[in-house]
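Asker: Letter 127 of the first sequence, counting from 1, is numbered 145 in the numbering used here, and no numbers are missing. Every residue, glycine too, gets a C-beta built ideally from N, C-alpha and C. Before I ask anything, here is the structure I am working with.
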Amino acid sequence: MARDLLGCYLVRRRGRGDVGGRISGGRIVEVEAYGGPGDPGSHADRAPNGRASIMFGEPGIAYVYFTYGMHHCMNAVCDRVGQGSAVLIRALEPVWGARAMRLGAPTNLADHLVASGPGRLCRALRIDKRLNGSDLVNGTVRILPPDTTERGEIHDGIRIGLTSDDERPWRFWLDSPSVSRSPRPRSRR
DNA sequence: CAGAAGATCTGC
DNA sequence: CAGATCTTCTGC
């Protein structure tokens, strides 16, 4: 499912809504898969309570959480009810609304990096906890299918930023300048 | 109920 | 490399 999301589009409808409304967003070029119980890196590793309960619910729903006191991250719930699995959307290649997505970003940040990384992506699309539980098929923020089956090569590697040592290669990305940076050297602790 | 850690990003 | 900054979870 994570692989299938590469090449799809993530867009936000803005302005007054319906016809003629503007959108911002872009092409999904980097994702990470998170499993249910048994995946130590996942919020859903524990019982289906608390914030991660969304992950155990209906697929196609957004799981948005706040972290490090600074950033939001957005996932798409991707498995059947009860499984507790989601895909973190980590980076977009900007396609629509470049100016809108720049608002609030550092002025010296290159255009192709405004949605590069899960925190930047949420800032660019103004995604916060109000969108937690929202519908990614018909909601304000939604995922659209790719316009071609040709996505190019899909790369994979270990997930970024986890504090648990976990080697499963569940980070996936396409060749794009908007893919977020390589993993930091694991800090010695 | 207090304390710590966290699926991050930025600027020094 | 440390600081920002707050929600969630854990342990007592």
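Per the contact definition of three or more C-beta pairs closer than 8 Å, is the region 103–119 in contact with the region 48–57?
Answerer: yes
Asker: Give the range of the alpha helix (DSSP H) segment to which D22 is assigned.
Answerer: Position 4 of the first sequence, counted from the start, is the residue given in the question as residue 22. Here the alpha helix (DSSP H) through D22 covers A20 to L23.
Asker: By a C-beta neighbour count over all protein chains shown, 10 Å radius and 16 as the cutoff for buried, is E185 buried or exposed?
Answerer: Locating residue 185 in the first sequence gives position 167, counting from the first residue. Exposed is the call here.
Asker: Enumerate in chain order the residues of its own chain whose CB-to-CB distance from S194 is below 7 Å, with the five nearest sequence positions on each side excluded.
Answerer: Against the first sequence, residue 194 aligns to sequence position 176. For S194, where only same-chain residues beyond five positions count, the Cβ hits under 7 Å are V47 and E111.
Asker: Can you tell me whether DSSP reads R69 as helix, strand or coil?
Answerer: Translated into positions along the first sequence, residue 69 becomes position 51. Helix at R69.
Asker: May I ask which residues mark the beginning and end of the alpha helix (DSSP H) holding G137?
Answerer: For the purposes of this step, residue 137 is taken as the residue at position 119 of the first sequence. Here the alpha helix (DSSP H) through G137 covers P136 to A142.
Asker: Across which residues does DSSP place N93 in a beta bridge pair?
Answerer: The count along the first sequence starts at 1 and reaches residue 93 at position 75. BP columns for N93 point to Y81 and L106.
Asker: As a quick exercise: from R108, G135, R189 and L139, pick the residue whose alpha carbon is nearest that of L121.
Answerer: As a first step, residue 121 must be located in the first sequence, where it is residue number 103. A check of alpha carbon separations from L121 across R108, G135, R189 and L139 identifies L139 as the nearest.
Asker: Could you spell out the range, first to last residue, of the beta strand (DSSP E) harbouring R30?
Answerer: The residue labelled residue 30 in the question sits at position 12 within the first sequence. Start and end: Y27 to R32.
Asker: What separation, rounded to the nearest whole angstrom, lies between the Cα atoms of V197 and W114?
Answerer: As a working note, residue 197 is residue 179 in the first sequence. As a working note, residue 114 is residue 96 in the first sequence. Cα to Cα, V197 sits roughly 17 Å from W114.
Asker: Would you grab the beta carbon distance between G43 and Y27 for me? Rounded to a whole angstrom, and I think it's under 8 Å.
Answerer: If you number the first sequence from 1, residue 43 lands on position 25. If you number the first sequence from 1, residue 27 lands on position 9. That pair is a contact at about 6 Å.
Asker: Whole angstroms is fine: what's the gap from M119's alpha carbon to V132's?
Answerer: Translated into the one-based positions of the first sequence, residue 119 becomes position 101. Translated into the one-based positions of the first sequence, residue 132 becomes position 114. CA-to-CA, the gap between M119 and V132 works out to about 7 Å.
Asker: Please name the residue, chosen from A80, H173 and E50, that lies closest to D153 on a Cα-to-Cα basis.
Answerer: Position 135 of the first sequence, counted from the first residue, corresponds to residue 153. Minimum Cα distance to D153 is reached at A80.
Asker: Assuming V49 contacts I107 (C-beta within less than 8 Å), just tell me the rounded distance between them.
Answerer: For the purposes of this step, residue 49 is taken as the residue at position 31 of the first sequence. For the purposes of this step, residue 107 is taken as the residue at position 89 of the first sequence. The Cβ separation is near 6 Å, so the contact holds.
Asker: In the DSSP assignment, find the unbroken alpha helix (DSSP H) run with A128 in it and report its ends.
Answerer: Within the first sequence, numbered from 1, the residue matching residue 128 stands at position 110. Note, A128: premise wrong, no alpha helix (DSSP H); not H, not E.
Asker: Using only the alpha-carbon positions, how far apart do A20 and T167 sit?
Answerer: Reading the first sequence from its first residue, position 2 is the one you call residue 20. Reading the first sequence from its first residue, position 149 is the one you call residue 167. Near 15 Å, if we compare the C-alpha coordinates of T167 and A20.
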